[in-house]
DNA sequence: TCCTATATTGGACTTAGTCCAAGTCAAGCA
DNA sequence: TGCTTGACTTGGACTAAGTCCAATATAGGA
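Residue numbers (my numbering), protein chains in the order written: chain A, 57 to 194; chain B, 57 to 194.
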């Protein structure tokens with residue numbers, strides 16, 4: 057994730073301890089934390105960081121395109137650092153576990169003109185649902 | 057939607073003025089109201105109906121499978137009465153307009169085993185995004 | 001008509017997130 | 001290195017969406 061920090065610095069981001077910590081927390085594959093979870097982990101590294109700063113920083117990362125907002129359950133938004141590799145999500149209906157997945161094919165092409173209602177369609181977001189191995193065997 | 061009321065009565069639902077009004081409000085194609093919108097329209101027909109009852113009734117309709125919960129924007133949940141005709145959604149990124157759409161193909165089959173992480177996948181939910189004709193021309 | 005399990009009500013509460021004025025500090029410049 | 005300043009952070013108040021609950025009302029069967 058240090059390349060992320062480099063990219064951000066290059067874009068004129070002022071580098072602060074708080075931003076560094078948020079970026080560190082949001083590292084890895086299959087990471088989908090809520091803002092509160094990010095805050096909790098950030099506090100462990102930098103006790104005085106505030107909720108407002110976590111929200112601000114997440115919002116900035118999202119609008120810079122470095123982090124994706126996903127809302128797979130209907131509760132809090134989750135933040136996905138895997139923004140540079142397009143993907144969809146597979147969610148366990150029981151425990152909420154989330155994996156990043158890459159289906160084959162091009163779902164955009166599967167929407168016929170007759171189903172576009174004159175819209176200019178530019179993007180599609182897919183959420184697969186099912187049971188994870190643990191919940192399926194329980 | 058009177059067939060809905062019949063079905064519900066058949067399932068042992070006690071029929072009240074409030075439930076009838078909520079069911080009436082949720083009638084039609086391409087209807088995707090928030091709970092508050094449902095409440096506002098219900099109040100127009102039955103001034104003393106409470107927010108709690110609207111939430112209760114919507115929740116029951118969802119768990120009976122008569123109404124779908126969709127969260128296309130990241131704000132309030134929306135309720136979609138078009139539950140018996142499987143479909144996905146096309147959302148205007150600017151104004152939030154929503155249409156029901158039916159893509160061709162079977163997206164479930166497009167998730168290879170190697171991308172299933174041992175999950176039992178049973179369902180997929182797709183949200184197309186773009187600009188509606190009005191917003192595209194503005 | 002009466003009875004009672006079921007439904008409704010309104011208000012308090014919770015959760016997720018936003019906003020803001022005041023204080024702090026990173027980083028460019030001398 | 002030590003200023004300066006505008007960008008960043010803070011905490012607390014605020015909002016929106018939704019849940020919960022104890023008290024009250026009522027649908028529908030006997």
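Using N, Cα and C, we set each Cβ at its ideal position, and we do this for glycine too.
The structure displayed is predicted, hence computed values, not measured ones.
query: Option nearest residue 155 of chain B by Cα separation, candidates B/162, B/145, B/163; result: B/145
query: Close-in-space but distant-in-sequence residues of the same chain around residue 75 of chain A (CB under 6 Å, 5 per side omitted); result: 113
query: Under 8 Å from the C-beta of residue 127 of chain B: neighbouring residues of chain A; result: 127, 130
query: Residue 101 of chain B: contacting residues in chain A (beta-carbon distance under 7 Å); result: Residues of chain A passing the Cβ test: none, with the nearest at roughly 27 Å.
query: Straight-line gap, residue 133 of chain B to residue 129 of chain A (C-alpha atoms, nearest Å); result: 11 Å
query: For residue 187 of chain B and residue 149 of chain B, the rounded distance between their alpha carbons; result: 6 Å
query: Any chain A beta carbon closer than 8 Å to residue 64 of chain B; result: no
query: Alpha-carbon spacing of residue 171 of chain A relative to residue 157 of chain B, whole angstroms; result: 6 Å
query: Distance CB(residue 189 of chain A)-CB(residue 174 of chain B) smaller than 8 Å; result: yes
query: Contacting positions in the stretch 156-177 of chain B - beta carbon closer than 8 Å to chain A; result: 157, 158, 159, 160, 161, 163, 164, 166, 167, 168, 171, 172, 173, 174, 175, 176, 177
query: Where residue 192 of chain B meets chain A, residues with beta-carbon distance less than 7 Å; result: 176
query: Residue 95 of chain A vs residue 110 of chain A beta-carbon contact at 8 Å; result: yes
query: Local conformation of residue 128 of chain B per DSSP, three classes; result: coil
query: Own chain residues within Cβ distance below 8 Å of residue 123 of chain A, not counting five before or after; result: 82, 114, 117, 135, 136, 137, 139
query: Residue 46 of chain B versus residue 141 of chain A: straight-line alpha-carbon distance, rounded; result: In the structure displayed, chain B extends from 57 to 194; residue 46 of chain B sits before or after that span and is not available.
query: Best match in B/126, B/191, B/80 for proximity to residue 183 of chain B [C-alpha to C-alpha]; result: B/126
query: In DSSP terms, what residue 181 of chain A is bridged to; result: B/183
query: Every unbroken alpha helix (DSSP H) within the stretch 60-100 of chain B, with a cutoff of 4 residues, ordered by chain; result: 73-81
query: Where residue 118 of chain B sits in the DSSP three-state scheme; result: helix
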